[in-house]
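Heads up: the structure comes next, in structure tokens.
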Amino acid sequence: MEYNIAVIKGDGIGPEVVDAATSVLDKVGEKYGHSFRYEYVLAGGAAIDQVGECLPSETVRICKESDGVLLGAVGGPKWDDVPGDQRPERALLGLRKELGLYANLRPAMVFDELSAASPLKAEIIAGGLDILVVRELTGGIYFGERATKETPEGLVAYDVEKYSEGEIRRIAKTAFDMAMKRNRHVTSVDKANVLDSSRLWRKIVAEVAEEYPEVALDNMYVDNAAMQLVRNPKQFDVILTSNIFGDILSDEASQITGSIGMLPSASLADGNFGMYEPVHGSAPDIAGKNIANPLATILSVAMMLRYTLGLSDEADAIEKAVDQFLKKGYRTFDIAGGGDTPLGTRETGEKVAELVG
Ligand code: IPM
Ligand code: MN
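For the sequence shown, this note's numbering assigns the number 40 to the initial residue and increments by one for each residue that follows.
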């Protein structure tokens, strides 16, 4: 089969981690008889520099026509002075909205070989850690009404957190569907002791839960969830939450694994369409040095094969190759220990491609 992938290399280390990941995908294509055609499009800082806007309509069009989107990272200090609505990060919000990517899957797992990198005590993560944060991605306060106004009391600014029943129901379904394939436990995180939007969230999630009698549902307030993630992270399987809480908790979850350079993510629309990107950002301080860890982007490609292209054997092959990479003792700069000779970004891509077979 032939697949058209829209590729946004983006800023900072984006281009190099994406190149390493597409080299692995090419190898998968060779081995399994697929051809992956890449259409490179601009978004973020690179787009501001080259065409004067962070999300050109051409990019949105090509992404919509593609089978799936792969993104490196956007943003960096270079664009700090760009006005808010044109910052590189705006491109992400625009892509999510335009492509209908309402379900953000952010797995946070500790790889056996890297458990020492976790900042948590060994006994807290003993036996591994495997959490999936399911974050609502196109609603809530990120997309609600907002304004900054002059008033007699001085400037006033607000951003509205608003959720409809339909928005809550569809993301809840995603979380329960995911839980069915995992350990059948959903923790829905909200602030229902204070917020109306959270009370509706809780009500609709409970309704959806009735359709999944095999899945256990817990509700947790977000402040407690932030605490429980460091106190006893193994109690979580799937965390279902809103856009803003998911933004914060997924960063926390990624940090407790100790290896953010290893974590992929998927942003899914209805049907199978999705955009895939590493959880780490653009890391401008190490850009262009061939020392960034491309494994998160490589694992994001595996998620794309699994969720969007329906190629689960091929996805498994990549995940196994990454596993082998670690088991054989190869390391990238961010996860290298004292005695290790780390591999560069490109060399890591080549090694994983070789291990794909
Ligand atoms: C993320 C990022 C974005 C978000 C920013 C850059 C808009 O932090 O993907 O988590 O808050 O969603
Ligand atoms: Mn974030």
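Ideal Cβ placement from N, Cα and C applies to all residues, glycine included.
- Between V80 and I101, the gap from beta carbon to beta carbon is short of 8 Å.
- Between the stretch 164-178 and the stretch 352-372, the count of Cβ pairs shorter than 8 Å is below three; the stretches do not touch.
- In this structure, the C-beta of L131 approaches the ligand IPM to less than 7 Å from one of its heavy atoms.
- One Cα belongs to P317, the other to E246, and the distance between them is close to 33 Å.
- Look at P317 here: in three-state DSSP terms it is strand.
- Here the alpha carbon of A255 sits roughly 25 Å from the alpha carbon of M342.
- With the criterion CB distance below 6 Å from any heavy atom of the ligand MN, the matching residues run D286 and D290 along the chain.
- For I325, the closest of N222, T384 and K212 by C-alpha to C-alpha distance is T384.
- Relative to the ligand IPM, the beta carbon of E128 is positioned inside 7 Å of a heavy atom.
- Taking C-beta separations shorter than 8 Å and ignoring five residues to either side along the sequence, the partners of Y202 in its chain run E175, G178, G179, S236, L239, W240 and S281, following chain order.
- Per DSSP, reduced to three states, the secondary structure at Y141 is coil, with no helix or strand assignment.
- Across the structure, G183 and L159 are spaced so that their CA atoms are roughly 36 Å apart.
- Per the coordinates, the alpha-carbon of P252 lies some 15 Å from the alpha-carbon of R221.
- Under the rule that a run must span 4 or more residues, the alpha helix (DSSP H) segments found entirely inside the stretch 239-280 read 261-270.
- C-alpha of V173 to C-alpha of I330: approximately 30 Å in a straight line.
- Within its own chain, the residues whose Cβ lies closer than 6 Å to the Cβ of M301, once the five positions on either side in sequence are excluded, are L334 and A335, listed in chain order.
- With a beta-carbon spacing of about 6 Å, K117 and G84 fall inside the 8 Å limit used to define contacts.
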